[in-house]
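Presented below is the structure to which this report refers.
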Amino acid sequence: MAGYVARRLLWVVALLLAVSAITFLIFYTLPSADPAAIRAGRQPTPELLAQIRQNLGLDEPVYVQYWRYMKGVVLHFDLGFSYASDAPVRDQILDRLPATISLTAGAVVVWLALALPVGLISALRRRRWQDRLAMGAALVAISAPVYWLGLVALYLFSKDLGRFPIFEGANTYRPLTDDPAAWAASLLMPWFVLAASFAAFYARLLRANLLEVMSEDYIRTARAKGVPERRVVLGHGLRPAITPLVTILGLDIGILLGGAILVESVFNVPGIGRLAYDAIRQADLPMIQGTVLFGAFFIVVANLLVDLAYAWVDPRVRTA
Amino acid sequence: MSEPLLEARDLVRHFGAVPAVDGVSFEVRRGEALGIVGETGSGKSTVARLMLRLLDPTSGTISFDGEDITAARGRRLKALRRDMQMIFQDPYSSLNPRKTAGAAIGEPFAVHGLHTGSGERRRAVQELMERVGLAPEHLNRFPHEFSGGQRQRVGVARALALAPRLIVADEPVSALDVSIQAQILNLLRDLQRDLGLTLVLISHDLSVVRHMSDRVAVMHRGKVVELADADTLYRAPKDPYTQALLAAVPRLQPSSASGASSPSSS
Amino acid sequence: MALLEVEGLRVSFPTEDGVLEAVGGVSFSVEAGRVLGIVGESGSGKSVTALSVMGLARGAQVSGQARLDGRDLLTLAPDEMRRVRGRDVAMVFQDPLSSLHPLHRVGRQVAEAVRVHQDVTRAAARARAVELLGEVGIPEPARRVDAWPHELSGGMRQRVMIAMALANEPRLLIADEPTTALDVTVQAQILELLERLRAERGMGVVLITHDLGVVAQVADDVAVMYAGQIVERAPAATLFAAPEHPYTWGLLRSVPRLDAPRERELVPIQGRPPSLLHPPGGCRFHPRCPHVRERHRHVEPPLEPVAGDPRHSVACLLDAPTRRELRQGPVA
Numbered sequence: 225m226a227g228y229v230a231r232r233l234l235w236v237v238a239l240l241l242a243v244s245a246i247t248f249l250i251f252y253t254l255p256s257a258d259p260a261a262i263r264a265g266r267q268p269t270p271e272l273l274a275q276i277r278q279n280l281g282l283d284e285p286v287y288v289q290y291w292r293y294m295k296g297v298v299l300h301f302d303l304g305f306s307y308a309s310d311a312p313v314r315d316q317i318l319d320r321l322p323a324t325i326s327l328t329a330g331a332v333v334v335w336l337a338l339a340l341p342v343g344l345i346s347a348l349r350r351r352r353w354q355d356r357l358a359m360g361a362a363l364v365a366i367s368a369p370v371y372w373l374g375l376v377a378l379y380l381f382s383k384d385l386g387r388f389p390i391f392e393g394a395n396t397y398r399p400l401t402d403d404p405a406a407w408a409a410s411l412l413m414p415w416f417v418l419a420a421s422f423a424a425f426y427a428r429l430l431r432a433n434l435l436e437v438m439s440e441d442y443i444r445t446a447r448a449k450g451v452p453e454r455r456v457v458l459g460h461g462l463r464p465a466i467t468p469l470v471t472i473l474g475l476d477i478g479i480l481l482g483g484a485i486l487v488e489s490v491f492n493v494p495g496i497g498r499l500a501y502d503a504i505r506q507a508d509l510p511m512i513q514g515t516v517l518f519g520a521f522f523i524v525v526a527n528l529l530v531d532l533a534y535a536w537v538d539p540r541v542r543t544a
Numbered sequence: 058m059s060e061p062l063l064e065a066r067d068l069v070r071h072f073g074a075v076p077a078v079d080g081v082s083f084e085v086r087r088g089e090a091l092g093i094v095g096e097t098g099s100g101k102s103t104v105a106r107l108m109l110r111l112l113d114p115t116s117g118t119i120s121f122d123g124e125d126i127t128a129a130r131g132r133r134l135k136a137l138r139r140d141m142q143m144i145f146q147d148p149y150s151s152l153n154p155r156k157t158a159g160a161a162i163g164e165p166f167a168v169h170g171l172h173t174g175s176g177e178r179r180r181a182v183q184e185l186m187e188r189v190g191l192a193p194e195h196l197n198r199f200p201h202e203f204s205g206g207q208r209q210r211v212g213v214a215r216a217l218a219l220a221p222r223l224i225v226a227d228e229p230v231s232a233l234d235v236s237i238q239a240q241i242l243n244l245l246r247d248l249q250r251d252l253g254l255t256l257v258l259i260s261h262d263l264s265v266v267r268h269m270s271d272r273v274a275v276m277h278r279g280k281v282v283e284l285a286d287a288d289t290l291y292r293a294p295k296d297p298y299t300q301a302l303l304a305a306v307p308r309l310q311p312s313s314a315s316g317a318s319s320p321s322s323s
Numbered sequence: 419m420a421l422l423e424v425e426g427l428r429v430s431f432p433t434e435d436g437v438l439e440a441v442g443g444v445s446f447s448v449e450a451g452r453v454l455g456i457v458g459e460s461g462s463g464k465s466v467t468a469l470s471v472m473g474l475a476r477g478a479q480v481s482g483q484a485r486l487d488g489r490d491l492l493t494l495a496p497d498e499m500r501r502v503r504g505r506d507v508a509m510v511f512q513d514p515l516s517s518l519h520p521l522h523r524v525g526r527q528v529a530e531a532v533r534v535h536q537d538v539t540r541a542a543a544r545a546r547a548v549e550l551l552g553e554v555g556i557p558e559p560a561r562r563v564d565a566w567p568h569e570l571s572g573g574m575r576q577r578v579m580i581a582m583a584l585a586n587e588p589r590l591l592i593a594d595e596p597t598t599a600l601d602v603t604v605q606a607q608i609l610e611l612l613e614r615l616r617a618e619r620g621m622g623v624v625l626i627t628h629d630l631g632v633v634a635q636v637a638d639d640v641a642v643m644y645a646g647q648i649v650e651r652a653p654a655a656t657l658f659a660a661p662e663h664p665y666t667w668g669l670l671r672s673v674p675r676l677d678a679p680r681e682r683e684l685v686p687i688q689g690r691p692p693s694l695l696h697p698p699g700g701c702r703f704h705p706r707c708p709h710v711r712e713r714h715r716h717v718e719p720p721l722e723p724v725a726g727d728p729r730h731s732v733a734c735l736l737d738a739p740t741r742r743e744l745r746q747g748p749v750a
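Residue numbers (our numbering), protein chains in the order written: chain A, 225 to 544; chain B, 58 to 323; chain C, 419 to 750.
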């Protein structure tokens, strides 16, 4: 196991280096001429341009620039400076991180709480009405675009706009540390909206996996031993069926931590997704670069954690 | 004594650190049926693939018809394939489910540019099908429409298409029902006799190998521990592993039949 | 009274293409301390018979009786049957790699068999598991108890399966092709193990296989199944010495044997196993029987005792003298 972990860690480092290099190069080779102007945001003054050129050493060869950038990232966790918003990129991202984490964590809890029982029951009641109803609903949830779902939710249920004012609407986010009650209330709808398609997908996946697992020989052995059916399903069937979901869960969390752009925008949750969206609209290159790198970091780390979790869960993988 | 058709000398094949075949030498005489028998991990299937150059040996040489083919490549290898063919174990997975029987059997023709007229090719395929006991009208059927025994016949027909001189059959009947096994074994025997084929039969089933082979090689952990003609090997095995193997095979004469009327078989 | 008495067992499965009759009226009995070998090829219904007796045939319509010590298992409520499984009757399956849970250590799987039926602590169950692993011949059981199934060899895995089956001292053990997936030397060891356990514990054993050699070696009584029915039933010695059914003759003739001359011709059974959706009318073997008469296409032969030996029954419409004559020819 230790060997496996060490190998994977090396791989993570290599991957992150590669991602950062590619990100850097992409922005470096953007067509429009002046690198300083790109970074300066809209309507820069000549003084600003000169200052940028000097700060970033834009006259120097690309690998020197890359080296300086990477040195900054790795040693000082400095992701550059956003001239458009006049603040270091890192500070802005870290500022928004709690909201994104809140949104992600809550959504994960909601979608797992929905998907696991639904997938389980669907598999056990295959082709009966519970199954058909659940899978039908899942299909709708997967097909509905998330921003549409969000807008419809606001239209129906938000306290300020909705026809049935039950939940807090957009723009109501409060940090957890400030006001836990308000924090939770503001995130209820975003959580469910974000969770919807994931819950549906995971339920379908669990159902399919469980159906396959339940027809395996070792399930027959468990029954032959006289193990009660409930234990056969939960103790023998569920774990092999859930393992693939673990992989996907890690990846999904990694992706969401990079910012759920659409949900954050619709509900105006001040997270990284919203930050990235604004940066794109304002053509704030350093910010875009920073958020991309940040997102990539989470995905790579999530990948690693998922692989480690898988090896822990399934002993056959460790020897591979 | 005529020159052997195929000769393997000091064949070694590693998979990673594991020597699946660990210094194997033998010859296959023209027109004979050589049986290679062994348990899991003995290396017999690897030897089969090395013989046909489906795998490269880590070291050692293989000669076919007096010529060293160990390093044969490209066109020479392709030409060799016309002389040596293989029949595989699992008739369910060794046939492409999307190809009709006719297409599967005729594919060697296509690859080697034989029987190029479409009518001609169809006739050649049907001839092969008849020879292996399949109804020629079935050439447009897909594998799943055949039974296991029939699928194996398709495999045999495909192997015969290029009129090879050597056929290696790797567990040709292990996946078949007992009453069908005899059909395929008899088919192989008849073909060998009628076409003057040289046959190498790989199997874990000692009774099958004894029935089909002139000489038998016993493999254990990558080595040939004994090689003798079938009668001698089965009646008076020299190697302790061979003896253990033979002792383990359950006999049909039940131990509880204390000298009772022997079945009219023997 | 026999340990297990099966009477008129019928098992069918509703499928999209119609009703598939896997077992069409099967009766046999197993005595305590004796081994019944059930021989058949694919589609003979031998496995389905065993699974039905155990109540493991999902989606099947089962009728008939299967009395264990007088108690009909087929009429038990699911929960009662569950208590019987693994305790009074236990089963060992063909492929130990796929039949053992890949994510549970072997000790845990054996201990579970104990804890399902006995009220013991985890520690006690684990100790019992170690004991059982030792009884089935696994070296260093205290160490192996924590092994993962994929770390063990095929023979070891099958021993684990047997240990699991023995956990609660069952009176009847059903082994479905227990050695088919194993090398011949390992097979010999496992058969020896089963024989020893049977003798030590006085268990009744049902051994299902397609291998006539295994049956000859291990079984006291044999039932030959074809297309869901028993076509011949006899003590093993009798079956091999004086078989009565053309299918049995066909099997014996078509199998290469180490104890027969090497040049002996193999005579295959023509045709192939029948469809169970639309089984042949009359005698189910008639399309493949070399001695078929017109009557055989329409009349189903009952399983009847052979003259002079009440323990030997055969389901064949040919009369005894005719069969005797046919058998004198090249039979087996």
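Glycine included, every Cβ here is placed at the ideal spot set by N, Cα and C.
Note down, in chain order, each residue of its chain lying with its Cβ closer than 8 Å to the Cβ of residue i, except the 5 sequence neighbours on either side.
i	result
C/Arg-589	Leu-421, Ala-450, Leu-486, Asp-487, Asp-506, Val-507, Met-621 and Gly-622
C/Val-480	Leu-427, Arg-428, Val-429, Ser-470 and Leu-492
B/Gly-190	Arg-210, Gln-240 and Leu-244
Between residue i and the rest of its own chain, which residues show a CB-CB distance below 6 Å, the 5 nearest in sequence each way excluded?
i	result
C/Arg-533	Ala-543
A/Met-559	Coverage of chain A is limited to positions 225 through 544, which leaves residue 559 of chain A absent and any answer about it impossible.
A/Gln-506	Ala-308
Can you say whether residue i is buried or exposed, counting buried as having 16 or more other CB atoms within 10 angstroms of its CB?
i	result
A/Leu-469	buried
A/Trp-415	buried
A/Asn-279	exposed
A/Trp-353	exposed
A/Lys-449	buried
C/Glu-402	Examination of residue 402 of chain C is not possible in this model, given that chain C is present from 419 through 750 alone.
A/Asn-395	exposed
C/Ala-599	buried
C/Leu-670	buried
B/Ser-270	buried
Who are residue i's beta bridge partners in DSSP?
i	result
B/His-71	B/Pro-76
C/Leu-438	C/Phe-431
C/Asp-490	C/Arg-485
C/Ala-641	C/Ile-456 and C/Arg-651
Measure the alpha-carbon distance for residue i versus residue j and round it to whole angstroms.
i	j	result
B/Ala-160	A/Thr-467	42 Å
B/Arg-178	B/Leu-217	14 Å
C/Ala-478	C/Val-538	35 Å
A/Leu-429	A/Leu-348	14 Å
C/Arg-523	A/Ser-346	29 Å
C/Glu-434	B/Pro-76	50 Å
A/Phe-248	A/Tyr-290	7 Å
B/Ile-144	B/Leu-256	11 Å
C/His-716	B/Arg-138	52 Å
C/Val-510	C/Pro-596	7 Å
A/Ala-242	A/Trp-372	36 Å
B/Ser-264	B/Val-235	13 Å
A/Ala-405	A/Leu-412	11 Å
Q: Using a Cβ-Cβ cut-off of less than 8 Å, list which residues of the segment 566-577 of chain C approach chain A; keep chain order.
A: Within the segment 566-577 of chain C, those residues whose Cβ lies closer than 8 Å to any Cβ of chain A are, in chain order, Trp-566 and His-568.
Q. Closer than 7 Å, Cβ to any Cβ of chain A: which residues of the segment 515-548 of chain C, in chain order?
A. Per Cβ criterion, the list reads Ser-516, Ser-517, Leu-518, His-519, Pro-520, Leu-521, Glu-530, Ala-531, Val-534 and His-535.
Q.
Output needed in chain order: residues of the segment 415-445 of chain A with a Cβ under 8 Å from some Cβ in chain C.
A. Flagged, chain order: Glu-440, Asp-441, Tyr-442, Arg-444 and Thr-445.
Q. When Cβ atoms are compared, which residues of the segment 460-493 of chain C fall closer than 7 Å to chain A?
A. Cβ contacts with chain A come from Met-472 and Leu-474.
Q) In chain order, what residues of the segment 290-308 of chain B put their CB closer than 8 Å to some CB of chain C? A) So the list reads Tyr-291, Ala-301, Leu-302, Leu-303, Ala-304, Ala-305, Val-306, Pro-307 and Arg-308, given in the order they occur along the chain.
Q: With 7 Å as the limit, tell me which residues of the segment 464-476 of chain A have their beta carbon closer than that to any beta carbon of chain C; keep them in chain order.
A: Residues of the segment 464-476 of chain A with a C-beta less than 7 Å from any C-beta of chain C: Pro-464, listed in chain order.
Q: Can you give me, in chain order, the residues of the segment 236-249 of chain B that have a beta carbon less than 9 Å from any beta carbon in chain C?
A: Within the segment 236-249 of chain B, the residues whose Cβ lies closer than 9 Å to some Cβ of chain C are Ser-236, Ile-237, Gln-238, Ala-239, Gln-240, Ile-241, Leu-242, Asn-243 and Arg-246, listed in chain order.
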